[in-house]
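Step one of this worksheet: look at the structure below.
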Amino acid sequence: MSSDSDKVVFDEAVTQPDKTVLFQSKKWTYINDNSSNGGVFTGQLQFNLNTLANLNQWSDLSQALIQFPVQLRITNTGAAATTTSINQRMATIKNGFRQFVDSAQITIGGTTIQSAQIYLNTDTTFKILTEWSLSELHNWGPSLGITLDDYQLAPDGTSTYTSLDNLPLATSVSAVTGFTLPTASNPGFKTRAQFINNTSNTKDATTILNGIINNAPLLGKGSVNYTQGAVAVGNDVFTLMTLATVRLKDISDCCAKLPPLKNLKGFIYLNYNSGRYVLTTGASGAINGVTAATALYGHTHPGMLGTTGTGFGTTASTWQFTADVCGTATNGCTVPFVSARCYVPYYVASADVDRALTQTKSIRYLERFVTSFYIDRLQSFSGTISPGIVNPKRVTHSDADRRCRQRSNSWLRYSGQFVKRS
């Protein structure tokens, strides 16, 4: 007579294993921004997540992507000029398309899980530099416009300094910070320009090289158009249009931790950065400096100007360098679609699993609160920083950035971040 253990072994041998699959398939959908009009934006992107509830499926915001058209332009606003050194890499974005995001407000099921706090691009940069792995940088960096900036001198340079570690303060911090460091020595700038700045301009050396190596010209329309020659007042000498891609999980810790939700309802509001610099060039075409800086929307300028060599190679004039969220075709450049989109994956569950997973869920969230204040030099300041959270169960404060930076004749210091755990 067989023992009980023998029966168990026999039953396991003849019984088919459970092949229950939680989700049958994974699909994607997108939500169009409902605040733009024909490629014209007014400082904010709005996405109505109620569309996801109509799917009656499990939506995963932790994998959501947001795309929107961006435009970089260099416009002649001074006198008629002739350019000789303009090329496809005259300007590109700063490190990552997230630089266009100033703040984000997210509402899920009637609950605001993330309120709009400015300088979200700075906070996101800190998280990426401290939390990303090299594998994530390799896989996602090109799509998100992220490459590591650095300051390196050419090996045959005559200067005694070789990096920011021993760079004189007067060289790195000047009246036109951001325009004085040669971008040809920055591998991050070159990598971003190589990936983003594509052109079909027959005068460009890269286009000619592609034709020789591949025995074919560059297909399709380029994202960059530029002018070498006469540039009338009011005309663009350089135009870049491309699609910016931002992961929602990078700009929202709340969404990064959200599980798949069914009948998801809510809203996403993104306030973006858009700015304009006014700069001048001398008779030799070299860039003299910035005379004015204006924030059209947000608080920072998301573009980066190439300042290597002879600059524009033009006669003396005044130029505007503008970085904006815009889908309007300009100077022969366009984008695949003119509106912003939020791409969200959703899972199709089997009937049994769907019934088992359907339940009431509560949301816990982290709240980042930014307080900015100004302190004149040689003066003291006393103030109170409040988290602005009503009836918190537990609030902790952690310094996000205690560095100071000079702005005009004042020093600006950021507070930290308050974390609410409900």
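All residue numbers for the sequence shown refer to numbering that gives the first Met the number 0, where the first residue is 0 and numbers rise by one.
Where a beta carbon is used, it is the ideal one built from N, C-alpha and C, also for glycine.
Owing to the predicted nature of the structure, the values given are computational and were not obtained by experimental measurement.
*Could you tell me whether the Cβ atoms of residue 185 and residue 149 are closer together than 8 Å?*
Start at 1 with the first residue of the sequence shown, and residue 185 comes out as number 186. Start at 1 with the first residue of the sequence shown, and residue 149 comes out as number 150. Taking 8 Å as the Cβ cut-off, residue 185 and residue 149 qualify as a contacting pair.
_DSSP state of residue 294 mapped onto helix, strand, coil_ = Position 295 of the sequence shown, counted from the first residue, corresponds to residue 294. It is a strand residue.
_Give me, in chain order, the residues of the same chain whose beta-carbon lies closer than 8 Å to that of residue 292; leave out the 5 immediate sequence neighbours on both sides._
Locating residue 292 in the sequence shown gives position 293, counting from the first residue. These residues qualify, in order along the chain: 274, 275, 276, 277 and 300.
*Segment limits, alpha helix (DSSP H) that includes residue 270*: Here residue 270 refers to the residue found at position 271 of the sequence shown. Element bounds for residue 270: not the alpha helix (DSSP H) but the beta strand (DSSP E), 265–271.
*What residue does the alpha helix (DSSP H) around residue 191 start on, and which one ends it?*
The sequence position of residue 191 within the sequence shown is 192, counting from 1. Taken as a continuous stretch (DSSP letters only), the alpha helix (DSSP H) holding residue 191 covers 186–195.
_Pair within 8 Å by beta-carbon distance, residue 339 and residue 65_ = The residue labelled residue 339 in the question sits at position 340 within the sequence shown. The residue labelled residue 65 in the question sits at position 66 within the sequence shown. Yes, these two residues count as a Cβ contact at 8 Å.
*Counting only runs of 3+ residues fully inside the segment 85–118, write out the beta strand (DSSP E) ranges in chain order.*
90–92, 100–107 and 110–113
*CB-CB under 8 Å to residue 94, same chain, minus the five flanking residues each way: which ones, in chain order?*
Numbered from 1 along the sequence shown, position 95 holds the residue referred to as residue 94. Only 124, 144, 145, 146, 147, 148, 187 and 191 meet the Cβ criterion.
*What is the DSSP secondary structure of residue 243, reduced to helix, strand or coil?*
In the sequence shown, counting from the first residue as 1, residue 243 sits at position 244. Residue 243 falls in the strand class under three-state DSSP.
_Short of 6 Å in beta carbon distance, which residues of its chain neighbour residue 97, apart from the five on each side in sequence? Order them along the chain._
Indexing the sequence shown from 1 puts residue 97 at position 98. If we look at residue 97 and ignore the five residues flanking it on each side, its Cβ neighbours are 120, 123 and 245.
*Segment contact flag, the segment 80–94 with the segment 254–271, C-beta cutoff 8 Å, min 3 pairs*: no
*Are there three or more Cβ pairs, one per stretch, closer than 8 Å when the segment 228–241 is compared with the segment 43–51?*
no
*Residue closest to residue 42, alpha-carbon to alpha-carbon, out of 84, 269, 79 and 263*: Position 43 of the sequence shown holds residue 42. Taking only the C-alpha atoms, the option nearest residue 42 is 269.
*For my contact list, residue 81 and residue 228 are in at a C-beta cut-off of 8 Å; report their separation, rounded to the angstrom.*
Translated into positions along the sequence shown, residue 81 becomes position 82. Translated into positions along the sequence shown, residue 228 becomes position 229. That belief holds up - the Cβ atoms of residue 81 and residue 228 are roughly 6 Å apart, short of 8 Å.
_Through-space distance from residue 347 to residue 5, alpha-carbon basis_ = As a working mapping, residue 5 is identified with position 6 in the sequence shown. As a working mapping, residue 347 is identified with position 348 in the sequence shown. So the two alpha carbons sit approximately 40 Å from each other.
*Using only the heavy atoms of the ligand COA, determine whether one of them is closer than 7 Å to the beta carbon of residue 33.*
Inclusion of the ligand COA in the displayed structure is not the case, the ligand content being empty and no account of it being possible.
*Relative to the alpha-carbon of residue 221, which residue among 344, 335 and 265 has its alpha-carbon at the smallest distance?*
Residue 221 sits at position 222 when you count from the first residue of the sequence shown. That would be 335, whose Cα lies nearest to the Cα of residue 221.
_Per-residue DSSP class, three states only, for residue 226_ = Against the sequence shown, residue 226 aligns to sequence position 227. In this structure, residue 226 counts as coil in the three-state DSSP scheme.
*Would you kindly work out how many angstroms separate the C-alpha atoms of residue 13 and residue 103, rounded to a whole number?*
Numbered from its first residue, the sequence shown carries residue 13 at position 14. Numbered from its first residue, the sequence shown carries residue 103 at position 104. So the two alpha carbons sit approximately 56 Å from each other.
*Have a look at the DSSP bridge pairing and note the partners of residue 133.*
Residue 133 sits at position 134 when you count from the first residue of the sequence shown. Residue 133 is not bridged to any residue.
*Provide the residue(s) that pair with residue 80 in DSSP beta bridges, ordered along the chain.*
Position 81 of the sequence shown, counted from the start, is the residue given in the question as residue 80. DSSP output for residue 80 lists 230 as bridge partner(s).
*Going by other Cβ atoms of all chains shown within 10 Å of its Cβ, with 16 needed for buried, is residue 10 buried or exposed?*
Residue 10 sits at position 11 when you count from the first residue of the sequence shown. Residue 10 is exposed by the Cβ-count criterion.
_Quick check on DSSP: helix, strand or coil for residue 408?_
The residue given as residue 408 occupies position 409 in the sequence shown. With a pLDDT of only 42 at residue 408, under the threshold of 50, the placement of this residue in the model should not be trusted; the figure read from the coordinates follows. Residue state, collapsed to three classes: coil.
*What residues match up with residue 318 in a beta bridge as DSSP calls it?*
Sequence index remark: in the sequence shown, residue 318 carries index 319 (1-based). The partner list for residue 318 (beta bridge, DSSP) reads 75 and 278.
*Quick one: what's residue 58 bridged to in DSSP?*
As a first step, residue 58 is located in the sequence shown; it is residue number 59 there, counting from the start. Note: residue 58 sits in a beta bridge opposite 260 and 345.
*asked:* Assuming residue 28 is part of the beta strand (DSSP E), what are its boundary residues?
replied: Residue mapping note: residue 28 aligns to position 29 of the sequence shown, counting from 1. 22–31 is the span of the beta strand (DSSP E), which, as asked, contains residue 28.
*By Cβ distance, which residues of its chain are closer than 6 Å to residue 330, with the 5 residues on each side in sequence left out?*
Here the question's residue 330 lines up with position 331 in the sequence shown. Cβ neighbours of residue 330 beyond the five flanking positions: 224, 235 and 238.
*Beta-carbon gap between residue 380 and residue 272 smaller than 8 Å*: The count along the sequence shown starts at 1 and reaches residue 380 at position 381. The count along the sequence shown starts at 1 and reaches residue 272 at position 273. Cβ distance not < 8 Å, so residue 380 and residue 272 don't count as in contact.
*Between the C-alpha atoms of residue 321 and residue 115, what's the straight-line distance to the nearest angstrom?*
As a first step, residue 321 is located in the sequence shown; it is residue number 322 there, counting from the start. As a first step, residue 115 is located in the sequence shown; it is residue number 116 there, counting from the start. Going from the Cα of residue 321 to the Cα of residue 115 covers about 24 Å.
*Tell me residue 302's beta-bridge partners as DSSP assigns them.*
Translated into positions along the sequence shown, residue 302 becomes position 303. Answer is 92, bridged to residue 302.
*To the nearest angstrom, how far is it from the Cα of residue 34 to the Cα of residue 290?*
Taking the first residue of the sequence shown as 1, we reach residue 34 at position 35. Taking the first residue of the sequence shown as 1, we reach residue 290 at position 291. Each residue's Cα considered, the two are about 33 Å apart.
*State the beta-bridge partners of residue 288 as determined by DSSP.*
If you number the sequence shown from 1, residue 288 lands on position 289. For residue 288, which the question treats as bridged, DSSP gives the partners 279.
*Between residue 286 and residue 194, what straight-line distance do the alpha-carbon atoms span, to the nearest angstrom?*
The residue you call residue 286 lines up with position 287 of the sequence shown. The residue you call residue 194 lines up with position 195 of the sequence shown. Whole-angstrom Cα-Cα distance: 25 Å.
*Looking only at its own chain, which residues have a Cβ that is under 6 Å from the Cβ of residue 62, when we skip the five neighbours before and after it?*
Reading the sequence shown from its first residue, position 63 is the one you call residue 62. Only 344 meet the Cβ criterion.
*Thinking just about the alpha-carbon of each residue, which of 251, 189 and 230 is nearest to the one in residue 303?*
Position 304 of the sequence shown, counted from the first residue, corresponds to residue 303. Nearest of 251, 189 and 230 to residue 303, Cα basis: 189.
*Could you say which of 108, 140 and 198 lies nearest to residue 265 if we only look at CA atoms?*
Here residue 265 refers to the residue found at position 266 of the sequence shown. Comparing Cα positions, the closest option is 108.
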